[in-house]
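Start counting the sequence shown at 64; every next residue gets the next number (the working numbering).
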Amino acid sequence: YYPFSVDSDWYRGQTNIASFEPEEMFWHQSCAPLLQRRKNRDLFDLHHGLDQLAMDQDKLIACFEHYLSLEGKPITRAVAEQRMLEKLTHSLTEDIAPLLPAGVRFNDHDAIQAFERVWTELITRIKGDAWKLTDQALEELRTKKYPSLLKR
């Protein structure tokens, strides 16, 4: 619940308003779409949200697990890793420019930084084992396209 009050010449009052936690809202708007569809804007939105909003990452992962289990579509860490790595076989920035606010850029370099942040801060925190082909897929991506991918 969040406090709300009105103080005007014609009305004065206060109440508590039931609402979602920021992590729940963020989950529904950014995290779920990122892992459930192949839209370039989802990675941008998730990365931008992590930059702009102060969220508890443990709560965010808990929301991820809770809401997907309610939908009957749980996603394990292995599945999340596989889906994220598959995104790197396609362009992460194709068709995104018209969807961004004026003056905001999101080029290939930005997309890889966003991918790495989402990977390290969220994907690797999902319950379960890593995808059995993660290391192999990362090596292939490093050889073909992204030499320094997740090498920190």
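Backbone N, C-alpha and C define an ideal beta-carbon position, used for all residues, glycine too.
Can the beta-carbon of residue i be found closer than 8 angstroms to that of residue j?
| i | j | result |
| --- | --- | --- |
| Ile186 | Ala143 | yes |
| Lys136 | Glu84 | no |
| His110 | Ala177 | yes |
| Thr139 | Gly191 | yes |
| Phe89 | Phe169 | no |
| Leu113 | Arg180 | yes |
| Ile124 | Ile189 | yes |
| Glu87 | Cys126 | yes |
Among the options, whose alpha-carbon lies nearest the alpha-carbon of residue i?
| i | options | result |
| --- | --- | --- |
| Leu148 | Leu98, Asn79, Asp108 and Met88 | Leu98 |
| His172 | Asp198, Lys208 and Glu87 | Lys208 |
Could you pull out every residue in the same chain whose Cβ sits closer than 8 angstroms to the Cβ of residue i, ignoring the five residues on either side in sequence?
| i | result |
| --- | --- |
| Glu157 | Asn103 |
| Ile175 | Leu155, Tyr209 and Leu212 |
Apart from the five residues on each side of it in sequence, which residues of its chain come closer than 6 angstroms, Cβ to Cβ, to residue i?
| i | result |
| --- | --- |
| Gln145 | Trp194 |
| Leu204 | Leu151 and Leu212 |
Check whether the Cβ of residue i lies closer than 8 angstroms to any Cβ atom in chain C.
| i | result |
| --- | --- |
| Glu134 | Annotation note: the requested chain C is absent from the structure, which comprises a single protein chain. |
My output table needs one value for residue i: the three-state DSSP class, helix, strand or coil.
| i | result |
| --- | --- |
| Pro66 | strand |
**Message:** At 4 residues or longer, what runs of the alpha helix (DSSP H) sit wholly inside the region 158 to 192?
**Reply:** 171 to 184
**Request:** Pick out the complete alpha helix (DSSP H) segments inside the region 100 to 138, 4 residues or longer, and give them in chain order.
**Result:** 103 to 115 and 120 to 133
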